[in-house]
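First the structure, in the form of structure tokens, and then the observations on it.
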Amino acid sequence: MDSKEIQELSSRAYIIRTDIIRMLGTCGSGHPGGSLSAADIVAALYFKVMRIDPKNPKDPARDRFVLSKGHAAPVLYAALAQKGFFPAEELATLRSLGSRLQGHPDMKKLPGVEMSTGSLGQGLSAASGMALAGKMDKLDYRVYALLGDGEIQEGQIWEAAMSSAHYKLDNLTAFLDHNGMQIDGPTTEVMSPEPVADKWRAFGWDVQVIDGHSIKEILEAVEKAKAIKGKPQMIIAETVKGKGVSFMENKVGWHGVAPKPDEVEDALAQLVPYCFSAGGGVVYE
Amino acid sequence: MSKMVATREAYGKALVELGKSNSQVVVLDADLSKSTKTADFAAVFPERFINIGIAEQNLIGTAAGLATTGKIPFASTFAVFATGRAFEQIRNSVAYTNLNVKIAATHAGITVGEDGGSHQSVEDIAIMRVLPNMTVFVPADEAETAGAIKAAAEIDGPVYIRLGRLGVPRVHGEDFRFSPGKGVVLREGKDAAIVAAGIMVSMALEAADILSGQGIEARVISMHTIKPLDEEIILSAARETGALVTAEEHSVIGGLGGAVCEAVGQSCPVPVKRVGLRDVFGESGKPADLLVKYGLTPEAIVIAVKEAISLKS
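Protein chains in written order, with our numbering: chain A, 1 to 285; chain B, 286 to 598.
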């Protein structure tokens, strides 16, 4: 994998981040912290890893992505728009009446959304069902899911962890956005999910722990995961909540609060310099 | 009396037939396949049967994921667990998404018997009926069950099918054709109408016999579809008889009784007496004894019919 491609993907993640900030700034509500922390993973999946075609969004053989931590909808919407699933101008309608960009992803409204999520803990079960169907139909598509580290406090996650391993769903790769924070505080203080790697391993998953902001590590981890036979794979991505915006980084308060106009300006000033090679990206002024 | 067949047994047979004609049908269970009778399907189509274990939330979520790919999943467990334990999964992963998931729940109502109140669902119709996109079937016998399962597979969207543990007699003839959303007049009558579902349909017919002996002619309607409700058949009964009785093995709140009251209250107000559980849970006991204790008998329906008639204006 050449360094130019990695740079392009990293730049893509920053373009996604600028979209996240603009969207939230425009609508005045939403979840910046966990959207920003997931941007590199989502950029790598949508612009390198996944076999998807915006012109044929229901292709039975397509790879699937389930955003189990549905409150990070802005990161998904930015990627889908940039990929061409819907016009980028529509990002400005986030959370407004009549918009296809609901506060949490709605598969019935927006092309490219594979599963409606938002109520935490439900996405992994759906992803597991998609992976089971792939096995039944002998289709070689892969299913990717993105989980929050607060989200895995939900019991249903572990039900799905158990069944996915039981049915040997090696076509299922999950990422854990391990940013260490949830609404009420650090996850280890609210209700510790640790040790996360040991837990997933004990449930029968292949586990890797990577830097979730390193495109290179993300891509390498996905390649390793694809080669695993007989087990679902968990990639624990060590991330920074609010990544890329200095005043949001590692601040619990930015879980679910939108930036004000001056904060939008400040954030964009920090992010834009990293959007160097892929061009464009600023989709509305 | 005809042979007694539980609707769960009819479900098991209907699933196998469906499996033969539709390769997209897959069946999921939560460690109760011998009780829900999905084991019948598993024996014939093991590659299309998924046991999720004792994990009802994941049962529903996995079914939702399968449905996104074009599969037609039937997910089964006891009604208490399907609609209670996994309510929010049904709401957000199935109903909100309008996915093609069929929830066929057995052991509904107090005729579960000895297992007791923890296992006797008396609220499931209410909490499924309130969900947008959901169709709700409560079949009365094996014929209605076979029809409901076939119809469920043909409907593109979520369906809840409420099934029982106890053997029940046939209420329909061999020529019965199940039509979703259409109630069935089983007996004509002009003095009052009994609208019943599930195991209460055969009791409604018995009640009508008793009433006839006393000079009261009661219409009997089998309301196998609670949602969408056949308002036409209910409003006709209200207009033509002026007194209604509902009968269900469920709370009088929010189920068939609630649905019928909503319908007549808006368009043709007449007295409605509701036979069902009166805002209480069940308990352990033999099904026959429980039915007597909780007033789910032909005699209770007879009394309710007379009360409704006495309230006619």
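Just so it is clear, CB atoms sit at the ideal spot from N, CA and C, and this is done for glycine as well.
Near B/Phe372, which residues of its chain fall below 8 Å by C-beta distance, leaving aside the five closest residues on each side in sequence?
-> Ile412
Going by CA-CA distance only, name the one from B/Ala349, B/Ile511, B/Ser406 that's closest to B/Ala482.
-> B/Ile511
Do A/Gly242 and A/Leu36 come within 8 Å of each other at the CB atom, strictly closer than that value?
-> Yes, these two residues count as a Cβ contact at 8 Å.
Would a C-beta distance cut-off of 8 Å place A/Ala296 and A/Leu172 closer than the cut-off?
-> Outside the displayed range of chain A (1 to 285) lies residue 296 of chain A, so it cannot be described from this structure.
Shortest alpha-carbon distance to B/Leu575 belongs to which of B/Gly402, B/Gly540, B/Cys553?
-> B/Gly402
Could you give the distance in angstroms between the alpha-carbon of A/Gly281 and the alpha-carbon of A/Ala44?
-> A caution first: A/Gly281 carries a pLDDT of 46, below 50, which makes its placement in the model unreliable, though a value can still be read off. A/Gly281 and A/Ala44: Cα-Cα distance of roughly 16 Å.
Which word fits B/Gly542, buried or exposed, when buried means at least 16 other C-beta atoms lie within 10 angstroms of its C-beta?
-> Residue burial annotation: B/Gly542 is buried, with at least 16 other C-beta atoms found within 10 angstroms of its C-beta.
Burial state of A/Gly279, where buried means 16 or more other Cβ atoms lie within 10 Å = With a pLDDT of 48 at A/Gly279, under the threshold of 50, the modelled position of this residue cannot be trusted; read the value that follows with caution. The residue is exposed, with fewer than 16 neighbouring Cβ atoms inside 10 Å.
Terminal residues of the continuous beta strand (DSSP E) containing B/Asn336?
-> 334-336
Should A/Thr188 go down as buried or exposed, given a rule of 16 or more other Cβ atoms within 10 Å for buried?
-> exposed
Does DSSP put A/Lys224 in a helix, a strand or coil?
-> Reduced to three states, the DSSP call for A/Lys224 is helix.
Can you have a look at B/Met485 and say buried or exposed, based on whether 16 or more other CB atoms are within 10 angstroms of its CB?
-> buried
Go through its chain and collect everything with a Cβ distance to B/Met289's Cβ below 7 Å, but skip five positions before and after it.
-> Gly452, Val453, Pro454
Short check: CB of A/Asn149 to CB of A/His178, under 8 Å?
-> The residue asked about is misnamed: residue 149 of chain A is Asp in this sequence, not Asn. Yes, the Cβ-Cβ distance between A/Asp149 and A/His178 is below 8 Å.
Buried or exposed: where does B/Leu596 fall if 16 or more other Cβ atoms within 10 Å of its Cβ makes it buried?
-> With fewer than 16 other Cβ atoms within 10 Å, it is exposed.
Closest by CA to B/His509, which one among B/Ser378, B/Gly540, B/His392, B/Thr321?
-> B/Gly540
Near-chain A residues of the region 373-390 of chain B - C-beta to any C-beta below 7 Å | Glu373, Gln374, Asn377, Ser378, Tyr381, Thr382, Asn383
Count the CB pairs spanning the region 326-344 of chain B and the region 105-116 of chain A that are closer than 8 Å, and state whether there are at least three.
-> no
Determine which residues share a DSSP beta bridge with A/Glu238 and list them.
-> A/His178, A/Asp211
CA-to-CA distance, B/Ala364 to B/Ser406, given in whole angstroms = 6 Å
Residue-chain proximity (B/Lys356, chain A), Cβ-Cβ < 8 Å = yes
Can you tell which of A/Pro193, A/Phe47, A/Leu124, A/Asp19 has its C-alpha closest to the C-alpha of A/Glu5?
-> A/Phe47
Run the CB neighbour count on A/Leu24, radius 10 Å, all protein chains shown included, and call it buried at 16 or more, exposed below.
-> buried
For B/Ile337, which residues in chain A fall below 7 Å Cβ to Cβ?
-> The answer, in chain order, is Ser163.
Where the beta strand (DSSP E) through A/Tyr144 begins and ends = Annotation: the continuous beta strand (DSSP E) that includes A/Tyr144 extends over 143-148.
Backbone CA spacing between A/Val257 and A/Ala39 [nearest angstrom] = 18 Å
What does A/Gln233 pair with, by DSSP beta-bridge criteria?
-> A/Thr173, A/Asp206
What is the DSSP secondary structure of B/Thr292, counted as helix, strand or coil?
-> Helix, per DSSP.
Inter-residue spacing [alpha-carbon to alpha-carbon] between B/Ser598 and B/Gly346 = Roughly 50 Å separates the two Cα atoms.
Under 8 Å Cβ-Cβ, which residues of chain B neighbour A/Leu132?
-> Among the residues of chain B, those whose CB is under 8 Å from the CB of A/Leu132 are Ile335, Thr347, Gly350, Leu351, following chain order.
Could you tell me which uninterrupted beta strand (DSSP E) segments, each at least 3 residues in length, are contained entirely in the region 332-384 of chain B, listed from first to last along the chain?
-> 334-336, 357-363
Taking 8 Å as the cut-off, decide whether the C-beta atoms of A/Val207 and A/Ala221 are in contact.
-> No.
Determine contact between the region 292-307 of chain B and the region 424-433 of chain B, defined as no fewer than three beta-carbon pairs at a distance below 8 Å.
-> The region 292-307 of chain B is in contact with the region 424-433 of chain B.
Do A/Leu169 and A/Ala131 come within 8 Å of each other at the CB atom, strictly closer than that value?
-> yes
Are there 16 or more other CB atoms within 10 angstroms of the CB of A/Gln82, so buried, or fewer, so exposed?
-> buried
Give a yes or no on whether 8 Å exceeds the smallest Cβ distance from B/Ala360 to chain A.
-> No - not a single Cβ of chain A is within 8 Å of the one on B/Ala360.
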